[in-house]
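Take a look at the structure set out below.
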Amino acid sequence: MTGVTQRLGAFVASIGYRDIPEMCRTAARTGVVDCVGVMIAGSREEAPRIVSRLVPESASNAYAMEIPSGRRLSPADAALVNGVAAHALDYDDVALSAHPSAVLTPVILAVGQTIRADGTEAITAYVAGYEVWAQLQALEPGQLHDRGFHPTAVLGTIAAAAACARLRGFNADAAAAALGLAASLASGLVANFGTMTKPLHVGRAAQAGVLATELVASGFTASPDAIEHRAGFLVAHSPSGKPSLEADLDLGRVWRLAASGVNVKRYPTCYATHRAIDSMLGLALRHDFQPSDVAKVRVLTGGTQHRMLRNAAPQTALEAKFSMEFAMAAALIARRVTLAELSDAFVRRQDVRSAFDKVVVTTTEERMEGNETFAPFDQVEVVLRSGAVLSHPPVTHAKGSWEKPLSVDEHREKFIGCVTPTLGESRTHELWTALQALDQLPTLGGLPMAAQ
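Residue numbers for the sequence shown follow the numbering used here, beginning at 1299 and rising by one.
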């Protein structure tokens, strides 16, 4: 039996658009649509602006577009800048305990523009990257977060190489070499959550995936067993110390994208807060209490979730994205958690900061079956100054999840809110319509993503 690296490479080389179930195509399209929206919104943030200033324009005819400025960059640099923008707001979708679309979409757009790929090739590349990502995750019984690794950066680098290798039409050996090379480029630490370095993880993963395939296309070599070797990727990153190095891969027989899908974010905060936000907003709507009525907010959540939420008293909007205390305070005071609340000024308001002290978080190490980063449910109780206790039913799936998806109108509303400030109303609607028919798009270069 050939090893994991070789079997992954064979899958990437062989997958075709017609092989992909319709549910997987739908999920891939949803991921790309959502990512383009949050990428354009994120481009207005300081992190991608800093990275952009350090990246030179490309003089080559083989260029990709920095979105939405329209600057001509090398494919690797476009993947870097656009990847940072895609994750700058932490508003991009979630799956596999990570952020697959924020890595895969910048790669697909950058390389796809360069080689003039069409929409079906984009969908196929997305699915190839996602399935490789999901298979790698399935080979490790532990949670990378628990060892301090950011799964989006670590697994995403190899998935990015898979998507790029599919776009470039690599054969099985070349695809395996690209995955093996990418395995040596994978890095990212949970310790940097709440800083500009977290979205840099995403941009670097996307860039590294492109670089790996460019190097292999030029004759660069990598170990044919770099992923499963006893000193390879899986063992080096394993929290459990027991990765499955010889498992029978089920790629192409079981489609994990159909099962796990993509979870579209309703709120621009760490996904670990979303079930609790749904609970708090539900209580506020049902009981119509005022912030001054509240003595305490009790949150039950998962231990791994809470370890990602490292800021109990955030000072900035970036830090606030990783704070259960902020999530509860914003939902309590503003009755919403939107980009408007994710500002330094709002975070530093005295009433908001006072609300942090009312939040008491209790954790459980119970894990949800099929998504062990999360507890089986989150639950919120509000204790009023009168002594009354208001309890929301346990929330298993956040609104926007694969199990509880946004409606088309709700997703369109999010997209328009993200994109209109940059592209204007008319161009935003044109882009939304084009992305909804991604499979029929003759070339990715035809997407109206540049500001005029």
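Heads up, the beta-carbon is just placed ideally off N, CA and C, and yes, glycines get one too.
So what does DSSP say about residue i, is it helix, strand or coil?
i	result
VAL1592	strand
VAL1687	strand
GLY1600	strand
GLN1677	strand
ASN1490	helix
VAL1271	Outside the displayed range of the chain (1299 to 1750) lies residue 1271, so it cannot be described from this structure.
THR1636	coil
ALA1643	helix
THR1662	strand
ASN1561	strand
ALA1362	strand
LEU1682	strand
ARG1369	coil
Following the continuous alpha helix (DSSP H) through residue i, name the residue where it begins and the one where it ends.
i	result
GLN1435	1417-1436
VAL1552	Segment: none, VAL1552 is in no alpha helix (DSSP H) and carries neither H nor E.
VAL1693	Here VAL1693 belongs to no alpha helix (DSSP H), and DSSP marks it neither H nor E.
THR1324	1320-1340
VAL1650	1648-1654
THR1412	1398-1413
VAL1500	1495-1515
VAL1712	Looking at the sequence shown, residue 1712 is not Val but Lys. 1706-1721 is the span of the alpha helix (DSSP H), which, as asked, contains LYS1712.
GLN1304	1302-1312
VAL1382	1373-1385
MET1578	1572-1585
GLY1539	That residue, GLY1539, is in no alpha helix (DSSP H); it is neither H nor E in DSSP.
VAL1349	1344-1351
ASP1471	1470-1481
ALA1618	1615-1618
Report the residue from the options whose alpha carbon sits nearest the alpha carbon of residue i.
i	options	result
VAL1549	VAL1680, GLU1667 and LEU1437	According to the sequence displayed, residue 1549 carries Leu and not Val. Considering only alpha carbons, the answer is LEU1437.
LEU1487	ILE1525, ALA1570, ALA1396 and ARG1564	ALA1396
GLN1677	ALA1628, GLU1723, MET1578 and PHE1713	MET1578
LEU1434	LEU1532, PHE1624 and VAL1681	LEU1532
ALA1405	VAL1334, ASP1586, PRO1354 and CYS1462	Here residue 1405 is Val; the residue named in the question, Ala, does not match the sequence. Looking at the Cα atoms, CYS1462 is the closest of the given residues.
GLY1335	ASP1416, GLU1526 and LEU1733	LEU1733
ALA1415	ALA1748, MET1747, GLN1750 and GLN1738	GLN1738
THR1731	VAL1302, ASP1332 and THR1300	ASP1332
LYS1594	GLN1588, VAL1657 and ALA1632	VAL1657
GLY1454	GLY1417, GLY1507 and PHE1518	GLY1507
ALA1287	LEU1498, ARG1466, LEU1465 and ARG1502	Examination of residue 1287 is not possible in this model, given that the chain is present from 1299 through 1750 alone.
THR1661	PRO1674, ALA1632, GLU1667 and ASP1655	PRO1674
ALA1504	PHE1468, ASP1390 and ALA1458	ALA1458
GLY1754	HIS1499, THR1450, LEU1509 and ARG1665	What the structure shows of the chain is the stretch from 1299 to 1750, and residue 1754 is not part of that stretch, so it cannot be assessed.
LEU1394	ARG1634, ARG1369, VAL1650 and LEU1442	LEU1442
At a Cβ threshold of 9 Å, is residue i touching chain B?
i	result
ALA1377	Considering every chain present, this structure includes no chain B. It has just one protein chain.
Can you find the residues in the same chain that come closer than 8 Å, C-beta to C-beta, to residue i, ignoring five residues on each side of it along the sequence?
i	result
LEU1640	LEU1387, PRO1566, THR1567, ALA1615, ALA1618 and LYS1619
GLY1446	LEU1487, VAL1488 and ALA1489
SER1367	SER1341, SER1350, ALA1748 and ALA1749
Once you ignore the five residues that flank residue i on each side, which residues in its own chain have a CB closer than 6 Å to its CB?
i	result
SER1689	GLU1679
LEU1408	Reading off the sequence, residue 1408 comes out as Ala, not Leu. Counting only Cβ-Cβ distances below 6 Å, and skipping sequence neighbours, we find ALA1362, PRO1373, ALA1376 and ALA1377.
LEU1269	Here the chain comprises residues numbered 1299 to 1750, so residue 1269 is not present and cannot be evaluated.
ALA1696	HIS1572, ARG1573 and ASP1576
ALA1473	GLY1307, VAL1310, ALA1311 and ALA1463
PRO1746	ARG1725, GLU1728 and LEU1729
ALA1484	VAL1452 and THR1455
TYR1389	VAL1336, LYS1563 and PRO1566
Which same chain residues, not among the five before or five after residue i, have their C-beta less than 7 Å away from its C-beta?
i	result
VAL1659	VAL1597, THR1599, HIS1604 and MET1622
PRO1346	GLY1340, VAL1379, VAL1382, ALA1383 and ALA1386
Where do the ends of the beta strand (DSSP E) carrying residue i lie?
i	result
VAL1452	Not the beta strand (DSSP E): VAL1452 falls in the alpha helix (DSSP H), residues 1449-1465.
VAL1392	Neither: VAL1392 is in no beta strand (DSSP E) and is coded neither H nor E.
Is the region 1536-1545 touching the region 1318-1328, taking contact as three or more C-beta pairs under 8 Å? no
Does the pairing of the region 1510-1521 with the region 1489-1499 give three or more beta-carbon distances under 8 Å? no
The region 1303-1314 touching the region 1425-1433, judged by at least three CB pairs closer than 8 Å: yes
Does the region 1553-1562 come close enough to the region 1701-1721 that 3 or more CB-CB pairs lie under 8 Å? yes
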